[in-house]
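Chemist:
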Amino acid sequence: MTSDSPANNNVASRALVEWVAESARLTQPANIVWCNGSSAERERLLGEAVKSGVLIRLNQRKRPGCYLHRSNPNDVARTEQVTFVCTPSAHEAGVTNNWMAPDEAYRKLQKMLEGSMRGRTMYVIPYVMGPVGSPYAKIGVEITDSIYVALSMGIMTRMGDSALSMLGDSDHFNRGLHCTLDLNPERRFICHFPQDNTIWSVGSGYGGNALLSKKCFALRIASWLGRNEGWLAEHMLIVGVRNPEGHTRYIAAAFPSACGKTNLAMLLPPPALRGWKVFTVGDDIAWLRVGPDGRLWAINPENGYFGVAPGTSARSNPNAMRMLGHDSIFTNVGMTPDGDVWWEGMDVEPPSDLLDWHGRKWQAGGGERAAHPNSRFTTPITNNPVLSPHVEDPCGVPISAIVFGGRRATTAPLVLEAKDWLHGVFIGATMGSETTAAAAGKVGVVRRDPMAMLPFAGYNMGDYWRHWLAMESRITEPPRIFMVNWFRKADNGAFLWPGYGENLRVLKWMLDRIDGQVAGRPTFLGTVPEPAEIDLSGLEIAPEQLSHALAVKTGEWKAEMASAGELFDRIGPSVPEELRRLHRELSSSLESGAT
Ligand code: OXD
Ligand code: MN
996 MTSDSPANNN VASRALVEWV AESARLTQPA NIVWCNGSSA ERERLLGEAV
1046 KSGVLIRLNQ RKRPGCYLHR SNPNDVARTE QVTFVCTPSA HEAGVTNNWM
1096 APDEAYRKLQ KMLEGSMRGR TMYVIPYVMG PVGSPYAKIG VEITDSIYVA
1146 LSMGIMTRMG DSALSMLGDS DHFNRGLHCT LDLNPERRFI CHFPQDNTIW
1196 SVGSGYGGNA LLSKKCFALR IASWLGRNEG WLAEHMLIVG VRNPEGHTRY
1246 IAAAFPSACG KTNLAMLLPP PALRGWKVFT VGDDIAWLRV GPDGRLWAIN
1296 PENGYFGVAP GTSARSNPNA MRMLGHDSIF TNVGMTPDGD VWWEGMDVEP
1346 PSDLLDWHGR KWQAGGGERA AHPNSRFTTP ITNNPVLSPH VEDPCGVPIS
1396 AIVFGGRRAT TAPLVLEAKD WLHGVFIGAT MGSETTAAAA GKVGVVRRDP
1446 MAMLPFAGYN MGDYWRHWLA MESRITEPPR IFMVNWFRKA DNGAFLWPGY
1496 GENLRVLKWM LDRIDGQVAG RPTFLGTVPE PAEIDLSGLE IAPEQLSHAL
1546 AVKTGEWKAE MASAGELFDR IGPSVPEELR RLHRELSSSL ESGAT
């Protein structure tokens, strides 16, 4: 075994050195590599990954610095059924999480981890979530036996020596231990120990299960830390919207996985909306704190994007297509004969002799997809041509609006404004969305997904809502809260709203509401736009199509409230009484037809 501490001996934290040694005693790796985050190290690891077949070097003329990874076909998405929150009591985790007692989880996984890295390399990956040195940033260290994870963490986080310097001699860091084992789904567990600031993940190499900085630390553990420390860790993109007068406002928007967060975060304005511009701060996770000025401020803790490839095209997300031109890792997409990538919805004809995501010859029209529906790209934020100049600001950006969105073929209007903070929390808490390929299981089934955090809230959902409500008293200038739905369909199954860049028209309406320039139309659920208030310049959309997109229908919301009530009942007494009251009031006015 080599290297109990990094080559340059730059670890001041005894706690870190001891934890690495303890993990090595358990897993018995052949050698230990401390990642320093340098470009020479990256080149070396890329070379090794290619040599061992973990990565395929893509056409370097067409996509310099780009690689393809093909995962085990049984390991292509998050596995919520084997994801556990291991709090001392089941109540702390709540019914929306799987729970295992910490002792039992440690014992069970310890058995699997014993000697699990024999003959393999252990990578020690120190990383910072948030701008290095920011008072809002947090430090984690991931130990893994996967070179794919090490390389991906180098894109997704600020990784290496900068994290060690920021850690100094502190023992305050998230401890993430990851081992791929034999990728047997029977031996796949993702366990969170919030009280110990620890994560143990075994049996999967998939991003959401194995890049422990992301869902495990920045959402599940961080949401728990946020509750204790008075802030929020949310499944939200952060976008800056600059109007033609040069004034930029920031919007944080929660959508479930694979519902277009990356597209919205780097949207290209339609030509008719001249002078508008959008800047990305983050595309998946926001850490929100109350600033000294009483406003809510957001940082993006990540340093890269782990986006869904299928559907990404020059039409849906031209900025993403540009950023994927270099230094990116693609996972489970198709490969062209000249070593380029291809996926469904790229809006480019597939060449003949395409290889599918398994590496097999692909037959157009043969019924099989070339790219897995949850195939991904991993790319550094600095590749983004519309990256916000404020992404490294230590205190982040001030948030003017919070948006809760879902994927709904019916029921949810294109946009609606909540009446106030409490009502906005109610809208977020009762949100539903159709399931997607980002998680294993059936796709297209409506499930309640409060604040798009169903799989990510690291503690009892009722307590999480209580924390949201409690934040109000600390925010003197609260952001306005909206609901959106880009995915409503006409009876013939066609989308009612064109989506993508055109969504800026909806963001503009929100900003107009904030500026007091439009009155909207009150409904029983909140305020929707009068059709004339949405800037439709340069867009052909039939008036009846737009009114259908904006409709809030009593019958549909009766069913919606019945389903939300079932979730409240399942969660039980921890649901805050204020939310129950709003639910009772809305349900009874819908029943009595008083709406
Ligand atoms: C993601 C997800 O990968 O939400 O961001 O699954
Ligand atoms: Mn996500």
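Heads up: take any position in the sequence shown, counting from 1, add 995, and you land on the numbering used here.
Ideal Cβ positions, reconstructed from N, Cα and C, are used throughout, including at glycine.
1. How would you call His-1578, buried or exposed, if buried means at least 16 neighbouring beta carbons within 10 angstroms?
2. What is the chain-ordered set of residues for which the beta carbon lies under 5 Å from any non-hydrogen atom of the ligand MN?
3. So, does the stretch 1156-1166 touch the stretch 1003-1013, judging by three or more C-beta pairs under 8 Å?
4. Could you compute how far the alpha carbon of Arg-1565 sits from the alpha carbon of Glu-1580?
5. Check whether the Cβ of Phe-1301 sits closer than 8 Å to any heavy atom of the ligand OXD, and report yes or no.
6. CB Gly-1453 to CB Arg-1443, shorter than 9 Å?
7. Whose C-beta lies closer than 6 Å to the C-beta of Pro-1408 among residues of the same chain, with five residues either side of it excluded?
8. If we ignore side chains and look at the alpha-carbon of each, how far apart do Met-996 and Ser-1160 end up?
9. Would you say the beta carbon of His-1187 is closer than 8 Å to some non-hydrogen atom of the ligand OXD?
10. Is it buried or exposed, Ser-1583, if we count other Cβ atoms within 10 angstroms and call 16 or more buried?
11. Could you give the distance in angstroms between the alpha-carbon of Val-1191 and the alpha-carbon of Thr-1257?
12. Taking 8 Å as the line, does the beta carbon of Gly-1203 fall inside it for any heavy atom of the ligand OXD?
13. Nearer than 8 Å: is that true of the beta carbon of Arg-1442 relative to any heavy atom of the ligand OXD?
14. Only counting the same chain, and skipping five residues up and downstream in sequence, which positions put a Cβ closer than 6 Å to that of Thr-1193?
15. Count the other CB atoms within 10 Å of the CB of Gly-1533; is the residue buried (16 or more) or exposed (fewer)?
16. Nearest by alpha-carbon distance to Pro-1450: which of Glu-1075, Glu-1036 and Cys-1254 is it?
17. Beta carbon of Ala-1281: closer than 8 Å to some heavy atom of the ligand OXD?
18. Can you tell me the Cα-Cα spacing of Trp-1337 and Asn-1054, whole angstroms?
19. Closest Cβ-Cβ distance between Arg-1182 and chain D: below 9 Å?
20. What's the gap between the Cα of Phe-1563 and the Cα of His-1367?
21. Determine the extent of the beta strand (DSSP E) in which His-1187 is found, giving its start and end residues.
22. Please report how far the alpha carbon of Thr-1275 lies from the alpha carbon of Leu-1350, in whole angstroms.
23. Is Cys-1211 helix, strand or coil when you go by DSSP?
24. Per the DSSP calculation, Ser-1196 is bridged to which residue(s)?
25. With which residues is His-1064 paired in a DSSP beta bridge?
26. For Lys-1437, does the count of other Cβ atoms within 10 angstroms reach 16, so buried, or fall short, so exposed?
27. Confirm the yes/no value for this check: CB of Arg-1073, any heavy atom of the ligand OXD, distance under 8 Å.
28. Could you work out which residue in Phe-1372, His-1385, Ile-1216 and Arg-1058 is closest to Ala-1293 when comparing CA atoms only?
29. Grab me the residues of Ala-1594's own chain with a C-beta within less than 8 Å of its C-beta, minus the 5 sequence neighbours each way, in chain order.
30. Nearest to Val-1570 by alpha carbon, out of Pro-1180, Gly-1361 and Val-1420?
31. In angstroms, rounded to a whole number, what distance separates the CA positions of Glu-1609 and Leu-1263?
32. Run through the stretch 1036-1118 for me and flag every whole alpha helix (DSSP H) of 4 or more residues, listed as ranges in chain order.
33. For Ile-1397 versus Gly-1521, is the C-beta distance shorter than 9 Å?
34. Looking only at C-alpha atoms, which of Ala-1247, Val-1410, Gly-1320 and Glu-1339 sits nearest to Thr-1377?
35. Taking contact to mean at least 3 C-beta pairs separated by less than 8 Å, is the stretch 1133-1144 in contact with the stretch 1084-1091?
36. In chain order, what residues of the same chain lie with their CB nearer than 8 Å to the CB of His-1462, ignoring the 5 residues before and after it?
Modeler: Short version:
1. buried
2. Ser-1252 and Asp-1279
3. yes
4. 19 Å
5. yes
6. no
7. Val-1523, Leu-1545 and Val-1547
8. Here the model assigns Met-996 a pLDDT of 46, short of 50, so the residue's position is not dependable, and the following value carries that caveat. Looking at the two C-alpha atoms, the distance is approximately 25 Å.
9. no
10. exposed
11. In the sequence as displayed, the identity of residue 1191 is Asp instead of Val. Each residue's Cα considered, the two are about 32 Å apart.
12. yes
13. no
14. Arg-1170
15. exposed
16. Glu-1075
17. no
18. 13 Å
19. Annotation note: the requested chain D is absent from the structure, which comprises a single protein chain.
20. 35 Å
21. 1184-1188
22. 33 Å
23. helix
24. His-1173 and Ile-1185
25. Thr-1326
26. exposed
27. yes
28. His-1385
29. Outside the displayed range of the chain (996 to 1590) lies residue 1594, so it cannot be described from this structure.
30. Val-1420
31. Because the chain spans 996 through 1590 in this model, residue 1609 falls outside it and cannot be assessed.
32. 1085-1088 and 1097-1108
33. no
34. Gly-1320
35. no
36. Gly-1221, Arg-1222 and Leu-1227
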